[in-house]
Structures are given as C-alpha cells and as structure tokens.
Amino acid sequence: MCLAVPGKIISITEEENLGLRRGKVDFAGIRKEVCLAYTPEARVGDYVLVHVGFSLSVIDEAEAQHVFETLRQLDQLEELGESAG
Amino acid sequence: MKFLEEYRDRQAVGQLAQAIRRIVTRPWTLMEVCGGQTHTIVKTGLQDLLPDTITLVHGPGCPVCVTPLETIDRAIAIASRREVIFCSFGDMLRVPGSSKCLFDAKAEGADVRIVYSPLDALQLARRHPDRQVVFFAVGFETTAPANAMAVWQAAREGVLNFSLLVSHVLVPPAMEAILNSPNCRVQAFLAAGHVCTVMGFEQYEPLSSRYHVPIVVTGFEPLDLLEGVQLAVAQLEDGRAQVENQYARAVRRSGNRPAQQRISEVFEIIPCTWRGIGEIPASGLRLRPAYRFFAAEERFHIHVEPVLESSECIAGLVLQGQRKPQDCPAFGTRCTPEMPLGAPMVSSEGACAAYYHYGKRTQEAGGTVVSITAAGH
C-alpha cells in the first residue's frame, strides 16, 4: 500500500479557485495526472515520487548517486587490498 | 525506469552483499518495517545473499493486514447498502471479514469499485450526487496526505455525499510496541522509506536513543535494502545506535511539511487496535470534529458484532517478527491466497503472501537472486 513510483513531470497546471496544483507525470511512457499540492517546489523536468495520485517528494538527483559512489569506493578498496596482498 | 532499474543491478547487489560479509562478526537480527520491503527481499532472494548470521524478520508494515476484522465487516455492511458506491484500493477486497470479503459482497450485487486514488472516489461523488460515495481510507502515514486532501477538498467544494471509512495507523508507535515486547528479537530497524517521505525521521531519534537501537531509513529496491542492512550492521558491530538515512534521494529529515500540516488539520491521533497485535496507544488517526461530518461510520449507523479470529492463524506473531510465515501449520495448506485465514496471505504487502508466491521459487533457484531486473512493484 505504501508503493510509490518515481516519474518525470511533463507539465504543470496551476488552477485558480477550488483547484489543486496538478501536473502530468511520465512513468517510463505511461502518463498520469498527479496532484502536486504537496510539492510546491516541483518544476517541469523534476522527478517526483508518486503515491496514490499524489507527489510526496522531489527526487534529489545528487543523493540518488550516493550508493554508486560507495560502490566505486568499495571497488578501489578491493583493488588496494589485492595489490597489497 | 530511472531511479528504479539502477537499484536492481545484480553486480552492484553482489558487491554490497560482499561488503556486508566483511564487516559481520556476530549474529544480528534486523527488522524491515514495511511489507513492500519484505516483498522485495523475498522476491529477489536477498536473504540468501546475506551471511547466515544475519536474520531479517518482517515487520507490521502492512496496513491491509492490521485493519481490524470489525472494520472489514463494517466496510462490507456499508458497501451492501443500495445507495452506496463503495471505493477501495484493490488490496482490501480479498481480505477476509468474519464471514466474507468485499469481493463476495460485490459478487452479491454491492457496488464496490477499485480506485487508484481517493481523488478518484471524490470525482465519483461529484458525478453521482444522488449516491453516497464512501472511500475505504486504509493506510499508514504514506497514504494519509492523500486521504486528508480528499476530505479537505470535499469540504471546500461542499461534496456532501462523500465520506471516508477511516482505518489509519501510525508506524513509530508500532515499532515502540515491538521493542517493548518481552519476546522482542529485533536489534535494528530498516524504517519504512515512504512513510518517512511524509513524516521525516525526527520521530525516530528519541526511539533510537531510548532503546539503543539503530534505525536506518531505507528504500524499496534490492540495492537500497542491502545498503540499509550494511549501515545497520555497521552500527551494531560498532555498538552505535543512531538514525541514518539510506533513502536520501527521497527522504528529508523533516519530511514533507505541507503534507504533515494537512494531515493534522484533518485528522487527530487516537489509540488504535491492530489486527493480530491488539491496542497500541496513540497509533491511529480519525477525522477531527470539524471534518467528522465526512466519517462514514457516523453517517451509516451500523452495529458490528465483535468476532474472534481463526485460532489457527499466527498473523499477529508474524506481524511482530516473532514467527516466520512457514512456521504456521496452516501455511500453504489450509491458508492460501484463494482461501486465506488471515490478511497477510492476501495483501500485496503481507509476509505470508510473499513467502507463498516467491518462497519456493527462491529455494528452487539454489539460493541465488532470481530476476532482480524483473522485480517490478
């Protein structure tokens, strides 16, 4: 039930009166309308994490690379270990 | 898909598993809190990549599983009324009530509809002003912002034929209940990443220091889960107990403030009964008096008899990490997804369903990771 999927914002509609901030989000080719009211900072081109039709968080692209940095460091450590051994 | 597939890379997963092996010196028991994480672990065979000394036990993070039997019966009774269009996430339809499930009610003629979002239910209410549209608002903190917004918007627009049957639960009180249990085996938590996108992780800091337990906010892909295990095990080996954030691409410490504000505007915190576990203080949500008009249980006065669970079902112990699904004598025989005794066998986040669907396949594959790249969820 807590499934949330990242998708890219294609367009944003700022509605007057009773409307909620919403946008079209692309999930690898499937486009859905998503409520963006909880991510007022989200812009077209951003990736957002979407749960039951609501964007809950803007993906931080720099943080998304963090684990791959860790893996590269592990690689280097292994190489160092091998050359030392 | 970007931000999903790269976290399913087999080589990277193997490398991280190797890194965990290098740091482990003693046996440790970790609990992943969310049922979505349990499914990734069982589906991809991650447990088999870990050293034998690391045990992953599965947590209570399955809203479908912990929704009380009486609430399911109340949902069925409301759904069966002629004027009602009853909307729910698909997960809830097969959950057994005391005598039937929502699917049975639908087969008997009830107007039960599966929706993707509570806003879809609100749209149905706008389109059918002559009908009562009820949304089954089940979930954890992840789902609460959506349900809060649907009610807030209904109030603003005056969509008065819309209501919610609320069964909302909160994760940190359940983690504390698990830590307080005399049979607690859990030495570290992988906290539920998507709950934390909404609530942040400040709430976990007092929990971590009071119980001296590492808590790592963790994502849902294989690489996320292994990195979560690595960070937790590193803390355990060093004797540290802190809150760390593995899922920083989606989770900030303070969470999503606009969502938190809307939740607390619409909902208030109450004690709550968890199916299979019992009452946990300050662990549930109900609509505040200003929004109580939209509470389905008050709109439809339905008396539901308290009923007893199947005596054979050990769902409560499974949900607290004290037993594994296959410890149950009924597992896969008298309890299957087609004929379930308990909710964890039917929910897409239930531990029993995960073992039933993927458990055998993992064993047959000789304990290797099975189709990580195909692990869509």
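So the sequence lines, in the order shown, correspond to chains A and B.
The first sequence maps to residues 1 to 85 in the working numbering.
The second sequence maps to residues 1001 to 1377 in the working numbering.
The beta-carbon is built from N, C-alpha and C at its ideal position, and this holds for glycine as well.
Given the structure is predicted, the values throughout are model-derived calculations rather than measurements.
By alpha-carbon distance to B/A1188, the top candidate from B/P1214, B/L1170, B/L1179 and B/V1166 is B/P1214. Residue state for B/P1060 is assigned as strand, using DSSP reduced to three classes.
A distance below 8 Å between beta-carbons, with the five flanking residues on each side excluded, links B/F1294 to the following residues of its chain, in chain order: V1151, A1154, A1155, F1162, S1163, L1164 and L1287. Residues of the region 1079–1110 of chain B whose Cβ lies closer than 7 Å to any Cβ of chain A, in chain order: F1089 and D1091. Residue state for B/N1245 is assigned as strand, using DSSP reduced to three classes. Interface residue (Cβ-Cβ distance to chain A less than 8 Å): B/V1042 is not classified as such. Taking B/H1212 as the centre and dropping the five residues before and after it, the same chain places the C-beta of A1241 closer than 8 Å to its C-beta, in chain order. For A/G23, no CB of chain B lies under 8 Å from its own CB, so it is not counted at the interface with that chain.
Nearest CB-CB separation between A/V44 and chain B: not below the 8 Å threshold. Buried is the label assigned to A/H51, since at least 16 other Cβ atoms lie within 10 Å of its Cβ.
For B/L1287, the three-state secondary structure derived from DSSP is strand.
Taking a beta-carbon distance threshold of 8 Å, B/S1117 counts as an interface residue toward chain A. Under the Cβ criterion of 8 Å, A/I59 is counted among the residues facing chain B. What B/M1149 touches in chain A, judged by beta-carbon distance under 9 Å, is L20, C35, A37, Y38 and F54, going in chain order. Residue contact with chain A for B/G1342: absent (no Cβ-Cβ distance below 8 Å to any residue of chain A). For the 8 Å CB-CB criterion, B/A1315 and B/C1065 form a contact. Along the region 1081–1133 of chain B, the beta strand (DSSP E) occurs as fully enclosed runs of 3 or more residues at 1084–1088 and 1112–1114, listed in sequence order.
The beta carbon of B/N1256 sits closer than 8 Å to some beta carbon of chain A. When Cβ-Cβ separations below 8 Å define contact, B/K1324 makes no contact with chain A. Straight across, the Cα-Cα distance linking B/P1145 with B/L1226 is about 29 Å. Not one beta carbon of chain A lies nearer than 8 Å to the beta carbon of B/C1328. For B/W1152, DSSP records no beta bridge to any residue. A/G23 is positioned such that its CB atom lies closer than 8 Å to that of A/S11. The criterion of a C-beta distance shorter than 8 Å is not satisfied by B/V1057 and B/T1025. Sequence-distant Cβ neighbours of B/E1157 in its own chain, meaning closer than 6 Å and more than five residues away, do not exist here. Scanning the region 1171–1232 of chain B from its first residue to its last, the whole alpha helix (DSSP H) runs of 4-plus residues come out as 1171–1180, 1193–1199 and 1204–1211. Relative to the Cα of B/L1207, the nearest Cα in the group B/P1344, B/A1353, B/S1117 and B/L1179 belongs to B/L1179.
For B/H1168, the enclosing beta strand (DSSP E) begins and ends at F1162 to V1169.
The beta carbon of B/E1297 sits closer than 7 Å to the beta carbons of R1074 and L1165 from its chain, once the five residues preceding and following it are set aside; these are given in chain order.
With a cutoff of 8 Å on beta-carbon distance, B/F1003 and B/R1249 are scored as near each other. Assignment of B/G1139 by DSSP, reduced to helix, strand and coil, places it in the strand class.
For B/L1285, same chain residues with a beta-carbon under 6 Å away, outside a window of 5 residues either side, are H1168 and F1267 in chain order.
Using beta-carbon distances, B/C1034 counts as an interface residue toward chain A, with a partner under 8 Å.
Counting the other CB atoms within 10 Å of its CB gives A/G19 a total below 16, which places it among the exposed residues. Looking only at A/V25, A/P6, A/L36 and A/A4, the smallest Cα-Cα distance to A/E15 is reached by A/L36. Secondary structure at A/K8: strand, using DSSP grouped into helix, strand and coil.
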